[in-house]
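Worksheet: the structure to be examined is printed underneath.
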Amino acid sequence: MIETCRLILRQWKPEDFAPFAALNGDGEVMRYFPALLTRDESDNLATRFSEGIAERGWGFWAVESKKSGEFVGSVGLHPQPDRFDFSPCTEIGWRLAKKFWQQGMAKEAAEAALRYAFEELALEEVVSFTSVLNTPSENLMKRLGMTKDTTFMHPALPPDHRLAGHVLYRLSVAHYVTKLATAPGSAQ
1388 MIETCRLILR QWKPEDFAPF AALNGDGEVM RYFPALLTRD ESDNLATRFS
1438 EGIAERGWGF WAVESKKSGE FVGSVGLHPQ PDRFDFSPCT EIGWRLAKKF
1488 WQQGMAKEAA EAALRYAFEE LALEEVVSFT SVLNTPSENL MKRLGMTKDT
1538 TFMHPALPPD HRLAGHVLYR LSVAHYVTKL ATAPGSAQ
């Protein structure tokens, strides 16, 4: 379990499945994904996330609001051993319910996940990627200190699919440490 000022990143609970299915069935939340997920597809995804955390001790965590106890979404890390030309790598990703957008929660949770990646897992690098159309997620990557590397065609989508073109961002441990050292309030 990882805590921030407002959030808890934790293992999945059965009661997370319904609100996760609701956000996976929301056309606005899923506009940069190829399709909405059915309840079964969403439950299967949450189960895979939960199993990954049980196996590794980390993954795409369920995110809970400390104040209300509500399910906020999912944020975390996922190994990509061989799916992409830039594999093996570990990706960071996020998917929050619309109710929690524009509150800095995705950034807060992602920063906690990055801290875990570099300080606990001792990763050398974390990547993130999204459709070139998904400027909100790309902007978050920039705010996290990630650097644009390249564009690529997602191998799971046909080349003519509207979401096939993707952008890849990277954050190295060296850049992460430098960012921490120069952050306001850090001891220099």
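Using the working numbering, read the sequence shown as starting at 1388 and increasing by one per residue. Heads up, the beta-carbon is just placed ideally off N, CA and C, and yes, glycines get one too.
Candidates the options: closest to residue i by CA position
| i | options | result |
| --- | --- | --- |
| serine 1559 | Val1513, Ala1551, Gly1552, Ala1409 | Val1513 |
| arginine 1530 | Gly1439, Tyr1503, Gly1491 | Gly1491 |
| leucine 1483 | Asp1472, Met1533, Leu1527 | Leu1527 |
| proline 1421 | Asp1547, Ala1561, Tyr1503, Tyr1563 | Asp1547 |
| arginine 1549 | His1562, Asn1521, Thr1434, Arg1435 | Asn1521 |
| aspartate 1472 | Glu1390, Ala1543, Thr1391 | Ala1543 |
| phenylalanine 1407 | Pro1466, Thr1391, Glu1390, Thr1434 | Thr1434 |
| threonine 1391 | His1562, Leu1501, Lys1535, Ala1561 | Leu1501 |
| alanine 1509 | Asp1536, Leu1396, Gln1489, Ala1561 | Ala1561 |
| alanine 1409 | Asp1427, Leu1396, Ile1395 | Asp1427 |
Residues bridged to residue i (per DSSP)
| i | result |
| --- | --- |
| glutamate 1390 | Ile1395 |
| threonine 1537 | Leu1555 |
| tryptophan 1448 | Val1462 |
Own chain partners of residue i with C-beta closer than 7 Å, once the 5 adjacent residues on each side are dropped
| i | result |
| --- | --- |
| threonine 1517 | Tyr1419, Ser1524, Glu1525, His1553, Val1554 |
| methionine 1417 | Asn1411, Leu1423 |
| phenylalanine 1436 | Trp1399, Gly1446, Phe1447, Ser1461 |
| lysine 1535 | Val1554, Tyr1556 |
| aspartate 1413 | Lys1485 |
| phenylalanine 1487 | Val1459, Gly1460 |
Under 8 Å between C-beta atoms of residue i and residue j
| i | j | result |
| --- | --- | --- |
| serine 1515 | glutamate 1457 | no |
| glycine 1588 | leucine 1464 | Only positions 1388 to 1575 of the chain appear in the structure, and residue 1588 is not among them; the question remains open. |
| arginine 1393 | serine 1461 | no |
| lysine 1494 | alanine 1449 | no |
| tyrosine 1556 | methionine 1533 | yes |
| tryptophan 1481 | alanine 1497 | yes |
| glutamate 1538 | valine 1564 | Correcting the residue type first, residue 1538 is threonine in the shown sequence and not glutamate. No, the Cβ-Cβ distance between threonine 1538 and valine 1564 is not below 8 Å. |
Beta-carbon contacts of residue i that lie in its chain and below 8 Å, excluding the five residues immediately before and after
| i | result |
| --- | --- |
| glutamate 1415 | Lys1485 |
| aspartate 1469 | Pro1475 |
| proline 1545 | Ala1551 |
| alanine 1441 | Gln1398 |
| serine 1455 | none |
| methionine 1388 | Ile1395, Leu1396, Arg1397, Gln1398 |
Own chain partners of residue i with C-beta closer than 6 Å, once the 5 adjacent residues on each side are dropped
| i | result |
| --- | --- |
| asparagine 1411 | Leu1424, Ser1429 |
| aspartate 1403 | Ala1449, Phe1458 |
| glutamine 1575 | Note that glutamine 1575 has pLDDT 40, beneath the 50 cutoff, so the model's placement of it is unreliable and the number below is only indicative. Excluding sequence neighbours, glutamine 1575 sits near nothing in its chain. |
| glutamine 1467 | Ser1474, Cys1476, Glu1478 |
Please give me, in chain order, every unbroken run of the beta strand (DSSP E) with length at least 3 that falls completely inside the region 1451-1534. Listed in chain order, the complete beta strand (DSSP E) runs (minimum 3 residues) inside the region 1451-1534 are 1458-1467, 1476-1483, 1512-1518.
Where in the region 1398-1452 do unbroken runs of the alpha helix (DSSP H), each at least 4 residues long, occur, reported from the N-terminal end onward? The region 1398-1452 contains, as complete alpha helix (DSSP H) runs of 4+ residues, the segments 1404-1411, 1426-1443 (chain order).
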